[in-house]
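Quick mapping for you: the protein sequence lines, in order, are chains P, D, H and F. Under the numbering used here, think of the first position of the first sequence as 1, with each following residue one higher. Under the numbering used here, think of the first position of the second sequence as 1001, with each following residue one higher. Under the numbering used here, think of the first position of the third sequence as 2001, with each following residue one higher. Under the numbering used here, think of the first position of the fourth sequence as 3001, with each following residue one higher.
There are 4 protein chains.
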Amino acid sequence: MKFTLTKLSLCAAAVLMSSLVHAEKIVNNNITLDEVKAAQQAWGNALINISNAHEAGGVKAAKSVAKKVLDNAYGYNLGAVLFKPTLANGEQTFRTTYDGALSYFVADDKNFAQDSGFALKGWKEYAFNNAAVYINGDVALTMGHVHVTDRSGNKTTVDKTWGFKKAADGSLRIVLHHSSLPYSAN
Amino acid sequence: MKFTLTKLSLCAAAVLMSSLVHAEKIVNNNITLDEVKAAQQAWGNALINISNAHEAGGVKAAKSVAKKVLDNAYGYNLGAVLFKPTLANGEQTFRTTYDGALSYFVADDKNFAQDSGFALKGWKEYAFNNAAVYINGDVALTMGHVHVTDRSGNKTTVDKTWGFKKAADGSLRIVLHHSSLPYSAN
Amino acid sequence: MKFTLTKLSLCAAAVLMSSLVHAEKIVNNNITLDEVKAAQQAWGNALINISNAHEAGGVKAAKSVAKKVLDNAYGYNLGAVLFKPTLANGEQTFRTTYDGALSYFVADDKNFAQDSGFALKGWKEYAFNNAAVYINGDVALTMGHVHVTDRSGNKTTVDKTWGFKKAADGSLRIVLHHSSLPYSAN
Amino acid sequence: MKFTLTKLSLCAAAVLMSSLVHAEKIVNNNITLDEVKAAQQAWGNALINISNAHEAGGVKAAKSVAKKVLDNAYGYNLGAVLFKPTLANGEQTFRTTYDGALSYFVADDKNFAQDSGFALKGWKEYAFNNAAVYINGDVALTMGHVHVTDRSGNKTTVDKTWGFKKAADGSLRIVLHHSSLPYSAN
């Protein structure tokens, strides 16, 4: 009996020690599917936020919100973003620079005269459906449909590809964004 | 004197040994810009090959070449490919399966009745211009214009994004492919 | 009533369509903590297997098992392994080649005369405690103590670092292995 | 003649246009062998710097330099470092925390009573020989010998493994460091 108790005590001590020794630290730089989907949802929320700011405070207010989005959710600080917006073409098809992206969302830049400001179109609803997601280290790629609805109830669907990069602080940034209108056979 | 000479001899021996020790082995899994561009060029070559096979031997011959391209240059063996071809839409917009991709290139599949076979259109020339390339480990992303010219001299330009993954054997596979016609304001 | 039924039918159809659209495919190349720990446990199991094969069938049998371990659990097929075994020194400290690793585990190679065969020492028990794990894409690094016990009950503890690489088929391979006896101040 | 000149002019224009179109932006997050070797050399330089600071200004000066080294060249800011220093053992074998690493290099911490300060030993020379290097994305692993020589000319050789992670700003940080004295058969 006494022996058994002692054994139990020793065992408890061993478990305690073991748990101390086992307190392994984990550093994990990988991106997860949940993080990717949260970033996809955040993109839509940001689009609606810019639209709402525009309605409330005009282009200046919209631009202020758009800058925050680009500063925090896009990877222009990393050198360049592979960005092909839905409604851009010709020599300005690819918006690899911060200024090009900002103009696409809120216009008001004489260097990008074709832009009317995609985020100024009164967007109220947003949804995304992924066809597939590819996860590779700290980068994830998504492809699927994105649906946006404006204040009049008009719905627009685009084919969209995103690439997200996870930063050291755990935040995700868009490093790739290819958006296009559905192909029409006519 | 003798001592100095001995020291020199020892030194020479040490240098020899050191050079042996320095024969470091390098394992490098990273993808390079040159490999990416070679894969981009190979895609165009493959497209022309399928077109030529079609002219010489009909759909059956074209399909045979197309299968080899999909087997060797796309990542369907890895689970799925994020593929949005230029001329697909509706429920069949995204060709995440091998069969969907094959039908897009050479048609002849009743499950994809909308397809006319993109690779069967008599392509003779190919060129690509990257707006930007993003390299991250064994994956690289490209975005830019692709130009193809058919046997009648008609040129088509598309906005194209590719994602390439480098395999353990050093070969590159397309894991992402988003192609779209340029936006037209009209 | 009919209206309600119709609405329900439409709703059911919508759910069906939605579930089809939402059936996103996920390709994930990342290594997980669970996979790493399973590989760490498998290494110890393999060590005991080689020891048992040695007791049952001698060096030849042990070598046969060891080859399977090296073929399946080490990355020599990838070019080289960064392997510093516990009991190797001098010019043969680092076993970057398959033959060097095999000799370390089961000796019987005149090119590595110092080896006595680490896996032939009658190992019966194995345990590992990670101090920390670092996960980066398809590679994970571990550092901690490994404890092995021989048939006489003698326990040996080593300081051990492993690097694991996840292959396209989901299996893990050791690409780095640094093992050393604990430092003794005396 | 004129034709030739015209052709040349056209050609020059084409080259100009081409160079404009081809001005692709490259973002490359991968680590290179040269960066790895520079970081390996920098580690030795830092060790000598701490030793020199110690000789000139005592432990306080040495600690100040050591902190800068840990702040800039180790990954403690990323969560933890897998660090097994040469002369540490028992419960303090693994220095996964900043304080544990600092004490190993310059001692002067009552929580790590066993430490005598590895960087205070008057190191004057440093060299490294890699047996192998493994490069995977933004992480590289090295294994080989490191030689250090103190002010009296005594040379110490250790078996050393490093893991380096490249940060978004292009700098490299040590996330893994396993150092051990050569095995002695006696």
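For every residue, glycine included, the Cβ atom is placed at its ideal position computed from N, Cα and C.
For residue i, which three-state DSSP category applies?
i: P:Tyr74; result: strand
i: H:Phe2112; result: helix
i: F:Ser3051; result: helix
i: H:Asn2130; result: strand
i: P:Asn89; result: coil
i: D:Ala1185; result: coil
i: F:Asn3136; result: strand
i: F:Gly3058; result: helix
i: H:Asn2154; result: coil
i: F:Phe3118; result: helix
Quick check: residue i and residue j, are their CB atoms within less than 7 Å of each other?
i: D:Thr1142; j: D:Val1148; result: no
i: P:Val139; j: P:Phe128; result: no
i: P:Asp150; j: P:Lys121; result: yes
i: D:Ser1064; j: P:Ser180; result: no
i: D:Glu1024; j: D:Leu1172; result: no
i: H:Asn2130; j: H:Gly2153; result: no
i: P:Val175; j: P:Lys165; result: yes
i: D:Ala1073; j: H:Val2027; result: no
i: F:Leu3087; j: H:Tyr2183; result: yes
i: P:Asn29; j: H:Asn2029; result: no
i: D:Leu1047; j: D:Trp1123; result: yes
Quick check on the DSSP output: the alpha helix (DSSP H) that includes residue i runs from which residue to which?
i: F:Phe3105; result: Tyr3098 to Val3106
Ignore the nearest five residues each way along the sequence and tell me which others in residue i's own chain have a CB closer than 6 Å to its CB.
i: H:His2178; result: Lys2084 and Thr2161
i: D:Asp1115; result: Ser1103, Tyr1104 and Ala1107
i: H:Thr2157; result: His2145 and His2147
i: F:Ala3039; result: Phe3164 and Leu3172
What does a CB cutoff of less than 7 Å around residue i pick up in its chain, not counting 5 residues either side in sequence?
i: F:Ala3062; result: Ile3050, Ala3053, His3054, Val3106, Ala3119 and Leu3120
i: H:Arg1967; result: No answer is possible for residue 1967 of chain H: the residues shown for chain H start at 2001 and end at 2186.
i: H:Ala2066; result: Ile2050, Leu2102, Phe2105, Val2106 and Ala2119
Go through its chain and collect everything with a Cβ distance to residue i's Cβ below 8 Å, but skip five positions before and after it.
i: H:Tyr2076; result: Leu2070, Thr2097, Tyr2098 and Ala2101
i: P:Lys197; result: Examination of residue 197 of chain P is not possible in this model, given that chain P is present from 1 through 186 alone.
i: P:Glu91; result: none
i: H:Asn2045; result: Tyr2126
i: P:Val59; result: Val106, Ala107, Asp108, Gly117 and Leu120
i: H:Thr2093; result: Lys2084
What does DSSP give as the partner residues of residue i in its beta bridges?
i: D:Lys1166; result: D:Leu1172
i: F:Glu3125; result: F:Thr3149
i: P:Asp159; result: P:His145 and P:Ser180
i: H:Leu2082; result: H:Leu2176
Could you pull the start and end residues of the beta strand (DSSP E) that residue i belongs to?
i: H:Ser2028; result: Note that residue 2028 of chain H is Asn in the sequence shown, not Ser. Residues Lys2025 to Asn2028.
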